[in-house]
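Quick notes on the structure that follows.
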Amino acid sequence: MIDPIFQSDTYLLARKLLDATVMRQDAIASNIANAETPGYHRLDVAADFAQQLKAQMASGDLAANSDRLQPHLAEDPNARSMRPDGNSVEIERELLAMNQNAVQHEFLTDIISGNLKQLRMAITGNTANA
Amino acid sequence: MNLIPGLEITGGALNAQKTRLDIVAQNIANAQTTRTPNGGPYQRQIVSFETELIRQEGVPGSALQGVKVANVTTDRSPGQQVYNPQHPDAGPDGLVTMPNVNLSYEMVDLITASRAYEANLAVAKNGRQMALKTLQIGK
Chain A
1101 MIDPIFQSDT YLLARKLLDA TVMRQDAIAS NIANAETPGY HRLDVAADFA
1151 QQLKAQMASG DLAANSDRLQ PHLAEDPNAR SMRPDGNSVE IERELLAMNQ
1201 NAVQHEFLTD IISGNLKQLR MAITGNTANA
Chain B
3 MNLIPGLEIT GGALNAQKTR LDIVAQNIAN AQTTRTPNGG PYQRQIVSFE
53 TELIRQEGVP GSALQGVKVA NVTTDRSPGQ QVYNPQHPDA GPDGLVTMPN
103 VNLSYEMVDL ITASRAYEAN LAVAKNGRQM ALKTLQIGK
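Heads up: the protein sequence lines correspond to chains A and B, in order.
The number in the working numbering is simply the position in the first sequence, starting from 1, with 1100 added.
The number in the working numbering is simply the position in the second sequence, starting from 1, with 2 added.
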């Protein structure tokens, strides 16, 4: 009975994207740590994760495949090195990406919390606690 | 379990930058040292970093890369010669070889290292905020 509530697209999507924001925080930590390592290429969550997610949303089989779809890290193909040491990290960009990622994470946790609150409200009928 | 994302990497980076600050402090402190245990004037030390792969189980794709101090090398460039015959380490021609420490280089390095340290601290703070927010799920 409860299972279908956790299979709603919003909930599943928020969950997957939350995984991606945590992974992106790892990548940004790695990028900032290596801001001065010669030859380092910036990492990010692989772009095909978003594409696969979009495709599954469109075809409506997100619930069936949600476990198979996992974000993974890849070198950012769009990052160009402007420095003689071949490092493609720009620290300002990383800090901005980190802040954006934090806001995204907060937003997604709120969505998930909202979903759970709705469920609790439906079970208890108590709006004050929800 | 890794509750705070990126903490392992940031910890390594903070440590590496702190080592760099230590070496800068050592260089500046010894900017006038003309006598060392090895003989001759003090020679400037340089820190270099290298990446360190962080193992992640069961995660495909590129591995995360931490950073650590690769080694501390000695700058072998010759120091400045100063004419000062009263100096105890002056040669027969009255010239003293000073350390090859250039204060302006050291100050630039100092600022770069402390800014990099701050940037990594910001990452740690951000990761902590994210972890706290995650713990609030469902509340």
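Positions of the beta carbon are idealized from the N, C-alpha and C atoms, including for glycine.
From a predicted model like this one, the values you see are computed outputs, not experimental measurements.
* Would you mind stating whether valine 1122(A) and proline 39(B) have Cβ atoms separated by less than 8 Å? => no
* To do: Determine the burial state of proline 80(B): buried for a count of at least 16 other Cβ atoms within 10 Å of its Cβ, exposed for fewer.
  => exposed
* To do: Less than 8 Å between the CB atoms is what I'm expecting for glutamine 67(B) and threonine 53(B), so what's the real figure, rounded?
  => 4 Å
* To which residues does DSSP link isoleucine 48(B) through a beta bridge? -> Thr75(B)
* Touching or not, the stretch 1146 to 1155 of chain A and the stretch 78 to 92 of chain B, by the rule of three or more beta carbon pairs under 8 Å? -> no
* Once you ignore the five residues that flank valine 1189(A) on each side, which residues in its own chain have a CB closer than 6 Å to its CB? -> Within the same chain, and ignoring the five residues on either side of valine 1189(A) in sequence, the residues whose Cβ sits closer than 6 Å to its Cβ are Asn1131, Ala1135, Arg1142.
* Can you tell me whether isoleucine 1128(A) is buried or exposed, with buried defined as 16 or more other CB within 10 angstroms of its CB? -> buried
* **Among Gln1218(A), Leu1219(A), Pro1171(A), Tyr1140(A), the one whose alpha carbon lies nearest that of glutamine 1152(A)** => Pro1171(A)
* Using alpha carbons as the reference points, say which of Gly1139(A), His1205(A), Met1221(A) lies closest to serine 1181(A). => Gly1139(A)
* May I ask which residues mark the beginning and end of the alpha helix (DSSP H) holding glutamine 131(B)? => From DSSP, the alpha helix (DSSP H) with glutamine 131(B) extends over 105 to 137.
* **Contacting residues, own chain, Cβ-Cβ under 7 Å from alanine 1230(A) (five flanking each side not counted)** => For alanine 1230(A), the predicted model reports a pLDDT of 48, less than 50, meaning its position is unreliable; a value from the coordinates is still stated below. Only Lys1217, Arg1220, Met1221 meet the Cβ criterion.
* Asked: Which chain A residues are close to proline 62(B), counting only those with a beta carbon under 7 Å from its beta carbon?
  -> His1172
* For glycine 129(B), I'd like the list of residues in its chain whose CB is within less than 8 Å of its CB, leaving aside the five on either flank, ordered along the chain. => Ile6, Pro7, Gly8, Leu9, Thr12
* For alanine 1179(A) and asparagine 1215(A), the rounded distance between their alpha carbons -> 37 Å
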